[in-house]
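Per the working numbering, residue 78 is the first one in the sequence shown, and the count goes up by one each step.
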Amino acid sequence: MQLLRRPKGDLIAWAVLAAALLAPLPGLITFTGPPMEEGFMLVFPQLVVAGKVPHVDFLHLYGPGSLWVLAAIYKVFGATLEVQRMVGWLQHGALVFGLFALIRPWSRVLATGLALTALVQVITPVGLTALAWDGAIALAVWALVLATASLDAQAAGPLQPDGRLRTSSTDEAGRLNWWLRWRPAVAGLLAGLALLYRPDLIVAIGLAVALMWWLLAGRDRRLLAVGTAVGVAPMLIHLAISGPFRAINGMVLDPVLRLRGGRTLPSPPSTDELASTLQRAAALRTNGWPFPQPGAPMQVVVWFYALLLGSLAIIVVAALVWRNRSHPLTARFLALGALALGVLPQALQRPDTTHLAWVGCLTLPAAGVALAELIRTRGWLSGPWEVRGHRLDANSTSRFAPALIALIVGGGLAVSAPQYTSRAYVDLVGQGVGINDTVVKVTRGDRHYYYGDPQRAADLQAAIDLLDERSKPGETLVVGTGDLRFTPYSDAIVYWMFPELKPGTFFIEMDPGLANLAGNGLAEDIADADWVLQTRFWDEWDEPNDSANPGDPLPNQVLAEDFCVVGEWPTVILSERCR
């Protein structure tokens, strides 16, 4: 009934956002996704169910939250590619609708436009992969939605700061009591769960939640703190199971320190060439975009500087409106701005389109809100908006200005960086109806995956067929690169396609500086394996970082001495332990 009581305009806005999420879904379900990321998001949760421990039995660079959630979902619906992608789609949807709810108090048009701006960024770089980052950001945004709603209620009633209802009406108390009294705790719970997904968001989420805690009062403040503690408490279980040293090593030291040299890209990005190998591969796909556009490298540069300018705008406006921080709208802006500023280092350390999208989905909406809040607090554009005596809007501050902001932020991104946003979105919608659909399906039984290169797909299919014919349940498999001195990426999806084979290495996810580091155990893993499947897809990986430096040669030596090649194709090699 509450849904039916919503203003008609809100229902229309929800319908627009839902349609924008649904339109590319058919194309995204059969999208050429990232085989390593989707591979480990399918395999890791099943390993957890089988009793394996992250950081102990397999490399995992994030928190356990997403693995636990996916493990439960796979238990109910099955560990299929489609289920995993639907979880990713729901994470994107939660973020989009969360941003709408957070921004809605300024303007319905502004909220819709900025939510769509976030949508075209997050849904295009890696498709529907159910990554921990997307889940964590969605949880964090909804934590702010609920926390700021509690602040609104605290300012306007019917609750007092101590959590007691101001009304004496029994009926009203019955309707409002549970939700309004416990909403801050739910907000804190979501914030804690977000950290369970991505502990490295501690700065971003910590800033936003600390601000909310400071502005809330009495019982609401205590509930927010308790909820956050409860949400993050399962991390103690994870630390106990994995061991504090291994957990900190896997969640903090590996991703923050050891991996940085092999993944960092020049900042600011080059105007002449794309530094990211995966970015260059994505740029090869064209779909006849009819409008003028900058070159692909320049689009990345524009996007990068848009995030810097947006962050600067957030800081400046936050300083200007700080004295009004107790006002519910100002508090909403400050909380969203804190979250956006906290994730900015992701874009600075590796400014490729994926990381720009991960940051931009928060920074650009927050920058739009900053402009709206500045206009509101300064009283600019108030009253009717007229041009040559013709009234365009009776209240520019509430309608015309927000629409203009949404157009500048969202339209500016769509025009200046279409290759990775608007153009990619249109391409995905077209693929769903068979337009420019060039993916090739690789299958084994009822499991399948999609590749964009016919040669790679044919070679991998042949290797999978041969491995299916010759392998026995319980044997171990290692999937690696053509030259194991270089480990920038892997086709981990192959592990998922052979559930009866055991992953034979700690490095299901392969990263430069980790898997190929001397003494890290890859050579020993191969020495104990029954099968090694190597893909040469990534042999031409070329980035201006440490991934270009050769690592330990011992895995190659063990492979040459102990294994016999049973199948070789232009881009794939399948080897079996010599009998």
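Note that CB positions come from ideal geometry on N, CA and C, so glycine has one too.
In this text the structure is predicted, and so the values were computed from the model without any measurement.
Could you work out which residue in GLU350, VAL609, TYR274, LEU543 is closest to GLY212 when comparing CA atoms only? Translated into positions along the sequence shown, residue 212 becomes position 135. The alpha carbon of GLY212 has as its nearest neighbour, out of GLU350, VAL609, TYR274, LEU543, the alpha carbon of TYR274.
Write down the C-beta distance between ILE603 and PRO627 rounded to the nearest angstrom, noting that I regard them as a contact closer than 8 Å. Here residue 603 refers to the residue found at position 526 of the sequence shown. Here residue 627 refers to the residue found at position 550 of the sequence shown. Rounded, the Cβ-Cβ distance is 17 Å, inconsistent with contact.
Could you say which of ALA195, ARG521, ASP504 lies nearest to PRO367 if we only look at CA atoms? One-based indexing of the sequence shown puts residue 367 at position 290. Comparing Cα-Cα distances from PRO367 to each of ALA195, ARG521, ASP504, the minimum goes to ASP504.
Using only the alpha-carbon positions, how far apart do TYR526 and GLY437 sit? Numbered from its first residue, the sequence shown carries residue 526 at position 449. Numbered from its first residue, the sequence shown carries residue 437 at position 360. Cα-Cα distance, rounded: 29 Å.
Can you tell me whether ASP536 is buried or exposed? The criterion is at least 16 other CB atoms within 10 Å of its CB, across all chains shown. By one-based count along the sequence shown, residue 536 stands at place 459. Classified as buried, ASP536 has 16 or more neighbouring CB atoms from the shown chains inside 10 Å of its CB.
For LEU270 and GLY295, what's the separation of their Cα atoms in angstroms? For this step, residue 270 is matched to residue 193 along the sequence shown. For this step, residue 295 is matched to residue 218 along the sequence shown. Looking at the two C-alpha atoms, the distance is approximately 23 Å.
Beta-carbon proximity list for VAL303, same chain, < 7 Å, skipping 5 on both sides: Taking the first residue of the sequence shown as position 1, residue 303 is located at position 226. Taking VAL303 as the centre and dropping the five residues before and after it, the same chain places the C-beta of ALA262, GLY265 closer than 7 Å to its C-beta, in chain order.
Is the shortest distance between the beta-carbon of PHE640 and the beta-carbons of chain B less than 7 Å? The question asks about chain B, but that chain is absent: this structure has only one protein chain.
Roughly how many angstroms lie between the CA atoms of GLN370 and GLN376, to the nearest whole one? Here residue 370 refers to the residue found at position 293 of the sequence shown. Here residue 376 refers to the residue found at position 299 of the sequence shown. Taking the straight line joining both Cα atoms gives about 8 Å.
Ends of the alpha helix (DSSP H) at LEU94? Here the question's residue 94 lines up with position 17 in the sequence shown. Start and end: 85-99.
Are the stretch 107-127 and the stretch 560-577 in contact at 8 Å, needing three or more beta carbon pairs? Look at the beta carbons and you see the stretch 107-127 touching the stretch 560-577: at least three pairs across the two are nearer than 8 Å.
According to DSSP, is TRP608 helix, strand or coil? Position 531 of the sequence shown, counted from the first residue, corresponds to residue 608. Note: TRP608 maps to strand in three-state DSSP.
Taking the alpha helix (DSSP H) that LYS152 falls in, what are its first and last residues? Position 75 of the sequence shown, counted from the start, is the residue given in the question as residue 152. Looking at the DSSP string, the run of the alpha helix (DSSP H) that includes LYS152 is 142-154.
I'd like the span of the alpha helix (DSSP H) that includes HIS169, first residue to last. What you label residue 169 is simply residue 92 of the sequence shown in a count that begins at 1. Per DSSP, HIS169 belongs to the alpha helix (DSSP H) from 158-180.
Counting only the same chain and skipping the five closest in sequence on each side, list residues whose C-beta sits under 7 Å from that of PHE117. Mapped onto the sequence shown, residue 117 falls at position 40. Cβ-Cβ distances below 7 Å link PHE117 to ALA569, ILE585, GLU586 in the same chain, with the five nearest sequence neighbours on each side left out; the list follows chain order.
Could you check whether PRO589 and GLY339 sit closer than 7 Å to each other, using their CB atoms as the reference points? Residue 339 sits at position 262 when you count from the first residue of the sequence shown. Residue 589 sits at position 512 when you count from the first residue of the sequence shown. Yes. Within cutoff.
Going along the chain, which residues of its own chain have a beta-carbon closer than 7 Å to the beta-carbon of GLY414, five neighbours each way excluded? The count along the sequence shown starts at 1 and reaches residue 414 at position 337. For GLY414, where only same-chain residues beyond five positions count, the Cβ hits under 7 Å are ILE391, ALA395, ALA443, ALA447.
Selected residue, minimal CA-CA separation from THR431, among VAL197, ALA310, LEU416: Translated into positions along the sequence shown, residue 431 becomes position 354. Ranking VAL197, ALA310, LEU416 by CA distance to the CA of THR431 puts VAL197 first.
Helix, strand or coil for PRO238? Go by DSSP, reduced to three states. In the sequence shown, counting from the first residue as 1, residue 238 sits at position 161. With a pLDDT of 47 at PRO238, under the threshold of 50, the predicted position of this residue should be treated as unreliable, though the coordinate-derived value follows. Residue state, collapsed to three classes: coil.
Counting C-beta neighbours from all protein chains within 10 Å, is the total for GLY108 16 or more, i.e. buried, or is it exposed? The residue given as residue 108 occupies position 31 in the sequence shown. For the sequence presented, residue 108 should be read as Phe rather than Gly. Buried.
Taking the Cβ atom as the reference point for each residue, do ALA636 and VAL556 lie within a distance shorter than 7 Å? On the sequence shown, position 559 is the one that residue 636 refers to. On the sequence shown, position 479 is the one that residue 556 refers to. The sequence as given places Leu at residue 636; Ala does not occur at that position. For the 7 Å CB-CB criterion, LEU636 and VAL556 do not form a contact.
ARG521 by DSSP, collapsed to three states: which one? For the purposes of this step, residue 521 is identified with residue 444 of the sequence shown, where counting begins at 1. In the structure shown, ARG521 sits in a strand (DSSP, three-state: E or B).
Just to confirm before moving on: does the CB-CB distance between ARG613 and GLY559 stay below 7 Å? As a position in the sequence shown, residue 613 is number 536, starting the count at 1. As a position in the sequence shown, residue 559 is number 482, starting the count at 1. Judged by their CB atoms, ARG613 and GLY559 are nearer to each other than the 7 Å cut-off.
Residues bridged to ARG654 (per DSSP): Counting from 1 along the sequence shown, the entry for residue 654 is found at position 577. DSSP output for ARG654 lists PHE640 as bridge partner(s).
Can you give me the C-alpha to C-alpha distance between GLN658 and GLY204, rounded to a whole angstrom? Nothing in the structure corresponds to residue 658, since the chain is present only between 78 and 656.
Less than 6 Å between C-beta atoms, sequence neighbours within five positions excluded: which residues of the same chain meet that for VAL125? For the purposes of this step, residue 125 is taken as residue 48 along the sequence shown, with counting starting at 1. These residues qualify, in order along the chain: LEU144, ALA148.
Nearest-angstrom Cα distance between PHE640 and ILE650? Locating residue 640 in the sequence shown gives position 563, where the first residue counts as 1. Locating residue 650 in the sequence shown gives position 573, where the first residue counts as 1. When the Cα atoms are used, PHE640 and ILE650 turn out to be separated by approximately 11 Å.
Quick one: residues in its chain with C-beta nearer than 8 Å to the C-beta of PRO332, no 5 flanking neighbours on either side, listed in chain order? Here residue 332 corresponds to residue number 255 of the sequence shown, with the count starting at 1. Take PRO332, set aside five residues on each side of it, and the residues of its chain with a beta-carbon closer than 8 Å to its own are LEU138, TYR139, ASP277, in chain order.
Own chain partners of THR341 with C-beta closer than 7 Å, once the 5 adjacent residues on each side are dropped: Within the sequence shown, numbered from 1, the residue matching residue 341 stands at position 264. Excluding residues within five positions, the ones whose Cβ falls inside 7 Å are GLN426, ARG427, ASN622.
Note the first and the last residue of the continuous alpha helix (DSSP H) segment covering LEU300. Residue 300 sits at position 223 when you count from the first residue of the sequence shown. Per DSSP, the continuous alpha helix (DSSP H) segment holding LEU300 begins and ends at 295-309.
Quick check on LEU554: does DSSP put it in helix, strand or coil? Here residue 554 refers to the residue found at position 477 of the sequence shown. Secondary structure of LEU554 (DSSP, three-state): strand.
Mind the definition here: the stretch 281-288 touches the stretch 416-423 only if three or more C-beta pairs lie below 8 Å; say whether that holds. Taking a cut-off of 8 Å on C-beta distances, the stretch 281-288 touches the stretch 416-423, as three or more cross pairs fall below it.
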